């Protein structure tokens, strides 16, 4: 078990570096650069910039410089936001994205598991179709549609919640609900499918034959197996949520990482792009590792070698 | 059973969504204002200024969001007049210039202070400008100041040439030398600036080699000479004493005074910049000198400023603070405004789908011509647009009145400079236009149409250029025109797309040519456009840096290709040079107007629209005017708490009397208007 974790942890670093390298190459392929603007810079200023950032060096030297910084965990200064380091920007805005993301995921988990389990137990009844069609709706309504509808209703019809901006628990409700909707729907469907499969399996039949109560069967035996698909979905989903969600951040004007990432790409802000990409890739791999480990506890059939 | 339950759930959802829409879309119940309208209790203005500022260093970025923030935090020699953006006194209480308008003397007030309490003197200006023009400072606006003597040489690391202890002079190598009159006392430094100009060599090694290769006499003279880099101390800025500053230009620039209000010319604090280096703009290190200072900065969320008690005119700063929110999403801005969470917003903030509703709120909706325009540049370096007839055909074949009424808030544009933004220039244009009409012997009715929308003439020109336009029933066709060699290229954006689609349909209808559309992400578009890689048309949006038509006409000046058409015409350049050396403002405007007409005859661009300010503010916000650059001097802004005195019709906001505002402005201007001792 321990060696499994160690092996997986060790592979995260080279994988992240591969991702950074690919991203670096892609940025170099994109036309334009961070200092081009509507107004032409005097040639002297342009050459000062090129010298300062080593843009006149051959590509392998530039790659070497970039890599040696990245390996040390130092992504340098943002090219657009002068005087701010990439690490500072990431750590400053991560808490915003993380708060919204984790709350949204917890809400989605609560709703999704409940609805999915219930639907599976009452398969092909109103109590199955009701929640499941609601889930279908949640999946089909994109959050850039859901968000304005929620704002119109809660901010301008009943005047209960602020329409945008970070500030106080009330301001979190709309973004969290908007973000949770699609995940709740997804989790509900995953749970239902997982539970249906488990409920039909032999060991549940055995449990029933032993005369166990429905409640015991559900919570002691079926649940652990039934939510495995949800667990594997949780890894990448949480990573994506933590790293920010562009649409929700834009519509609700939240200072999260997602919008900053998109702007970094549009600005060709290389260090910031690389920093966020590296961070995100490590996040995804760590969460996947956690998911894999938790499998072992939930499903006795899985063994680590 | 199952079916029934299903439909019940569905009906419930439908009802909820429907309620939301019905309530959400109906106009605010009984209100004459848009959304919640109550002045904030704490006297702090809440304003949306667009994108997150790149930095709080005023000499670096060139964006409008930053420009507005810097106006609150920093002050320079002069400030923009809130209504017309003309220079009004700031740290300079008065100024004068020599008759040739290439040297200015500023008399500074003696009570101006930094936010840390340190007194502001002329030396702070000398420091700030030397820093801004220093080659190591990556400023995106420094080129605006290149009229200041030797500033471009400093920025370009150019070199003086010293031989046998004497500097070589430009006049000995064929450069004309003109004498300029000095204003103010004679000093050693002024003697240097007014003595015959030194020879300057290009700082770039390759370019210097070219420069020398072209001129054997020069190459010979430079042989064995010492090359002395132009130093910060050489630029034409001099502190004569603590409160007198002299700025010397390399040539007359009548519009230059207005530029001193630009963020690049605002002060930066030597005490903080030298101590903290690149970290000087952090809240704990920053020192400012404007009406407001930094209280709290949460990037991407809010920049909170508070009134600075050290500011020399603090008694006339009405707000206790300003909160700047960096938000770009238009509908989010509108939601915050409707909820009463903000008091005013940046220009172009109203989404086009909202304009129909918002323009009914005449107490709030501000729609005025802007000092900003949209053109389609035509690539003159590639056929068929190297042919002037083709360029004129496409210009004449577009109904720009129709384009503007389709766009709802813009006005049609027929020139390089925005009509309506420069009153005196518009008068000069009208005068020159009348002269041209008489010259051509055309009736006034026909002249009103001339050069505007004339599809028949456009088709004739196309036919003459070898692309015959045929009538095809009700439509036209121009089968021989190479539509594979043209496109309208624009950077991806909703409003750019709608303009392009409209123009495309116009040309199809009137010329029988369907020009393909091509959209690109902004940073991809820029080099494609500037390097003339595009075919046919590319969209250029331009806003003026200073209140003068030269800010627009200069796009086509010289070989810099700022206009993006590849246009270069020595005759046009000479017309602009002549205009700028004319000291009488009226005559200068006429010369510029002639250049404008000449340029339009060459047709390097299809002028499209003059942009509109298009923003709203709450009726209780006073002292804030929709000037052509949306540059708001914040110390004039105040909250009117008496609803009886709120704005009632802002369509004539410029003419509406506001005694409080007018007195403040008059008092401020009085130091300049009073005769100088």
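Protein chains in written order, with my numbering: chain A, 1 to 305; chain D, 306 to 982. For every residue, glycine included, the Cβ atom is placed at its ideal position computed from N, Cα and C. Note that the structure is a prediction, hence the values are computed from the model and not measured.
Use the C-beta contact count for residue i: other C-beta atoms within 10 angstroms, 16 or more gives buried, fewer gives exposed.
i: residue 931 of chain D; result: buried
i: residue 658 of chain D; result: exposed
i: residue 9 of chain A; result: exposed
i: residue 131 of chain A; result: buried
i: residue 959 of chain D; result: exposed
i: residue 332 of chain D; result: Its pLDDT being 43, under 50, residue 332 of chain D is placed unreliably in this model, and the value from its coordinates should be taken loosely. Under this definition residue 332 of chain D is an exposed residue.
i: residue 811 of chain D; result: buried
i: residue 1 of chain A; result: exposed
i: residue 81 of chain A; result: buried
i: residue 226 of chain A; result: buried
Expressed to the nearest angstrom, what Euclidean distance is found between the alpha-carbon atoms of residue i and residue j?
i: residue 495 of chain D; j: residue 489 of chain D; result: 9 Å
i: residue 25 of chain A; j: residue 936 of chain D; result: 41 Å
i: residue 966 of chain D; j: residue 910 of chain D; result: 41 Å
i: residue 58 of chain A; j: residue 520 of chain D; result: 34 Å
i: residue 430 of chain D; j: residue 242 of chain A; result: 47 Å
i: residue 55 of chain A; j: residue 573 of chain D; result: 29 Å
i: residue 685 of chain D; j: residue 336 of chain D; result: 54 Å
i: residue 506 of chain D; j: residue 865 of chain D; result: 20 Å
i: residue 906 of chain D; j: residue 396 of chain D; result: 44 Å
i: residue 338 of chain D; j: residue 927 of chain D; result: 16 Å
i: residue 181 of chain A; j: residue 175 of chain A; result: 10 Å
i: residue 295 of chain A; j: residue 203 of chain A; result: 18 Å
i: residue 601 of chain D; j: residue 646 of chain D; result: 19 Å
i: residue 116 of chain A; j: residue 147 of chain A; result: 24 Å
i: residue 84 of chain A; j: residue 633 of chain D; result: 21 Å
i: residue 334 of chain D; j: residue 630 of chain D; result: At residue 334 of chain D, the pLDDT of 43 sits below 50, so the modelled position is not reliable; the number obtained from the coordinates is stated separately. Their backbone Cα atoms lie some 28 Å apart in a straight line.
i: residue 761 of chain D; j: residue 884 of chain D; result: 35 Å
i: residue 878 of chain D; j: residue 872 of chain D; result: 11 Å
i: residue 518 of chain D; j: residue 43 of chain A; result: 20 Å
i: residue 326 of chain D; j: residue 177 of chain A; result: Below a pLDDT of 50, predicted positions are generally treated as unreliable, and residue 326 of chain D, at 46, falls in that range; the measurement from the model is reported next regardless. Distance between the alpha carbons of residue 326 of chain D and residue 177 of chain A: 19 Å.
i: residue 921 of chain D; j: residue 796 of chain D; result: 26 Å
i: residue 946 of chain D; j: residue 341 of chain D; result: 15 Å
i: residue 664 of chain D; j: residue 725 of chain D; result: 20 Å
i: residue 943 of chain D; j: residue 623 of chain D; result: 5 Å
Terminal residues of the continuous alpha helix (DSSP H) containing residue i?
i: residue 453 of chain D; result: Where residue 453 of chain D is concerned, there is no enclosing alpha helix (DSSP H), given that its DSSP letter is neither H nor E.
i: residue 133 of chain A; result: 126-140
i: residue 70 of chain A; result: 59-71
i: residue 262 of chain A; result: 257-266
i: residue 581 of chain D; result: 575-581
i: residue 683 of chain D; result: Segment 674-683 is the beta strand (DSSP E) holding residue 683 of chain D; no alpha helix (DSSP H) there.
i: residue 400 of chain D; result: Counting along the chain, residue 400 of chain D falls outside any alpha helix (DSSP H), though it belongs to the beta strand (DSSP E) covering 397-402.
i: residue 429 of chain D; result: 427-438
i: residue 296 of chain A; result: 270-298
i: residue 639 of chain D; result: 635-643
i: residue 410 of chain D; result: Where residue 410 of chain D is concerned, there is no enclosing alpha helix (DSSP H), although the beta strand (DSSP E) it sits in stretches over 408-413.
Can you tell me where the beta strand (DSSP E) holding residue i begins and where it ends?
i: residue 912 of chain D; result: 910-917
i: residue 846 of chain D; result: 841-848
i: residue 468 of chain D; result: 464-468
i: residue 385 of chain D; result: 383-385
i: residue 825 of chain D; result: 822-825
My assumption, with CB atoms under 8 Å, is that residue i sits in contact with residue j. Please give the rounded CB distance.
i: residue 508 of chain D; j: residue 577 of chain D; result: With a Cβ gap of about 29 Å, residue 508 of chain D and residue 577 of chain D do not count as contacting.
i: residue 275 of chain A; j: residue 86 of chain A; result: 4 Å
i: residue 455 of chain D; j: residue 540 of chain D; result: 5 Å
i: residue 718 of chain D; j: residue 759 of chain D; result: Contact flag wrong, Cβ pair sits at about 16 Å.
i: residue 566 of chain D; j: residue 740 of chain D; result: That belief does not hold up - the Cβ atoms of residue 566 of chain D and residue 740 of chain D are roughly 34 Å apart, past 8 Å.
i: residue 445 of chain D; j: residue 39 of chain A; result: 7 Å
i: residue 678 of chain D; j: residue 919 of chain D; result: Wrong, their Cβ atoms sit about 14 Å apart, outside the cutoff.
i: residue 542 of chain D; j: residue 453 of chain D; result: 7 Å
i: residue 533 of chain D; j: residue 459 of chain D; result: Not confirmed; about 12 Å, so no contact.
Original post:
Three or more C-beta pairs closer than 8 Å, one from the segment 389-401 of chain D and one from the segment 581-589 of chain D: is that the case here?
Top reply: No, they do not touch.
Original post:
Would you call the segment 169-185 of chain A and the segment 265-274 of chain A touching, i.e. three or more CB-CB distances under 8 Å?
Top reply: Cβ pair count under 8 Å is below three, so no.
**OP:** Could you tell me whether the segment 623-643 of chain D touches the segment 349-357 of chain D, where touching means 3 or more Cβ pairs closer than 8 Å?
**Re:** Flag = yes, the segment 623-643 of chain D and the segment 349-357 of chain D touch.
Original post:
Taking three-plus beta-carbon pairs below 8 Å as touching, is the segment 799-808 of chain D in contact with the segment 770-783 of chain D?
Top reply: As far as the Cβ criterion goes, the segment 799-808 of chain D does not touch the segment 770-783 of chain D, which means the pair count is below three.
Original post:
Counting Cβ pairs, one atom from each stretch, are 3 or more of them under 8 Å apart for the segment 227-238 of chain A and the segment 277-294 of chain A?
Top reply: By the Cβ rule, the segment 227-238 of chain A counts as touching the segment 277-294 of chain A, because three or more pairs are nearer than 8 Å.
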